[in-house]
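0 is the number of the first residue of the sequence shown in the numbering used here; add one for each residue after it.
Here a beta-carbon is modelled for each residue, glycine too, at the ideal position from N, C-alpha and C.
See structure below.
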Amino acid sequence: MSADPVPLIEVQQVTRRYALARQGLWEPRRQLTALDQVSLTVHAGRTLGVVGESGSGKSTLTRCLLGLEPVDGGRILYRGQDIAVHDARGRRGHTARMQVVFQDPNASMNPRMSVHDIIAEGMVIHQRELGLDGPARSAQVLELLGHVGLGRDHLHRYPHELSGGQRQRVCIARALALKPECLILDEPTSALDVSVQAQVLNLLHEMQQTFGLTYLFVSHDLAVVRYLCDDVVVLRGGKVVEGGPAEQVFTSPQDDYTRALIAAMPEVAF
Ligand SMILES: Nc1ncnc2c1ncn2[C@@H]1O[C@H](COP(=O)(O)OP(=O)(O)OP(=O)(O)O)[C@@H](O)[C@H]1O
Ligand SMILES: [Mg+2]
Numbered sequence: 000m001s002a003d004p005v006p007l008i009e010v011q012q013v014t015r016r017y018a019l020a021r022q023g024l025w026e027p028r029r030q031l032t033a034l035d036q037v038s039l040t041v042h043a044g045r046t047l048g049v050v051g052e053s054g055s056g057k058s059t060l061t062r063c064l065l066g067l068e069p070v071d072g073g074r075i076l077y078r079g080q081d082i083a084v085h086d087a088r089g090r091r092g093h094t095a096r097m098q099v100v101f102q103d104p105n106a107s108m109n110p111r112m113s114v115h116d117i118i119a120e121g122m123v124i125h126q127r128e129l130g131l132d133g134p135a136r137s138a139q140v141l142e143l144l145g146h147v148g149l150g151r152d153h154l155h156r157y158p159h160e161l162s163g164g165q166r167q168r169v170c171i172a173r174a175l176a177l178k179p180e181c182l183i184l185d186e187p188t189s190a191l192d193v194s195v196q197a198q199v200l201n202l203l204h205e206m207q208q209t210f211g212l213t214y215l216f217v218s219h220d221l222a223v224v225r226y227l228c229d230d231v232v233v234l235r236g237g238k239v240v241e242g243g244p245a246e247q248v249f250t251s252p253q254d255d256y257t258r259a260l261i262a263a264m265p266e267v268a269f
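The following block contains the structure:
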């Protein structure tokens, strides 16, 4: 951890609203503010934990960061550049540098694709920039599988022929395939068995060391956040109520809501 961390992502006063359906024909359209002037910084090579109860805006934030949804106010800078002003090529570059692992590996994998094809898909899409032919891609897929603790034996299997933990390993390998700088991890272990959770968390930690990755880690599990994250922000109702180095937030929380979250934390020994 460097003494003077470099900001990789800067979220500056970002607001995101969703239009809700009218309750009656003559009723005005209502809006829900999912993110309300959210500001935070993700430092290069570090892990920022985003915690908050269900509906607090965590996944909305990740979708805005990935450029999957526009923001209604504020801006998101990646290495100092506003991601909203990218042209098509810039957007492709942005999606390659920032990859995502979702909560549910089943929902994020095409059941009709083999493990090989799932991991290679991004490399095919970005073929021109990567300059890899078929055999070179397959060699990389095998290497990536090795990194996540799987092997040749899993290459031609389909998602339903894998365990939950193995599926999430495939998703991590897929996320690493484009050599990203940053991984967005949206509750990556909450669909897994407790014993498998620890293995996947250790794997993520190992991958961060090996590839010098920056993580934005979304979780409602504070014990996991404390274990994995350097910095934390607490979201409530779309607003940041507290943020800072993880140790500081956990040992001397300033906000009542953070205190309540910590008080509700089960004692877990890692
Ligand atoms: N497409 C949408 N249209 C309307 N409202 C939405 C949409 N997506 C999210 N919301 C609302 O925005 C708020 C934030 O949702 P979000 O999914 O970001 O929460 P979350 O913190 O990820 O929750 P969870 O922990 O349950 O995953 C919620 O009130 C949700 O109902
Ligand atoms: Mg969510």
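- Comparing alpha-carbon positions, the option among Arg235, Val49, Ile171 lying closest to Gly121 turns out to be Ile171.
- For the options Pro158, Cys228, His93, the alpha carbon positioned closest to that of Asp103 is the one of Pro158.
- Cys181 has Met97, Thr213 as its beta-bridge partners, per DSSP.
- Contiguous beta strand (DSSP E) elements confined to the region 68-126 occur at 72-77, 97-100, taking only those with 3 or more residues.
- Burial is judged here by how many other beta carbons sit within 10 angstroms of a residue's own beta carbon; Glu186 has at least 16 and is buried.
- In chain order, the residues positioned with their C-beta nearer than 7 Å to some heavy atom of ligand 2 are Lys57, Ser58, Asp185, Glu186, Val217.
- For Arg45, same chain residues with a beta-carbon under 7 Å away, outside a window of 5 residues either side, are Met0, Pro4, Thr213, Asp229, Asp230 in chain order.
- A contact is defined here as three or more CB-CB pairs under 8 Å, and the region 145-158 meets this definition with respect to the region 166-183.
- When distances are taken from the beta-carbon of Leu19 to the heavy atoms of ligand 1, the shortest one is below 7 Å.
- Ranked by how close their Cα comes to the Cα of His93, the residues Leu76, Thr188, Val147 have Leu76 in first place.
- Excluding five sequence positions before and after Arg78, the CB atoms of its chain that fall closer than 8 Å to its own CB belong to Leu7, given in chain order.
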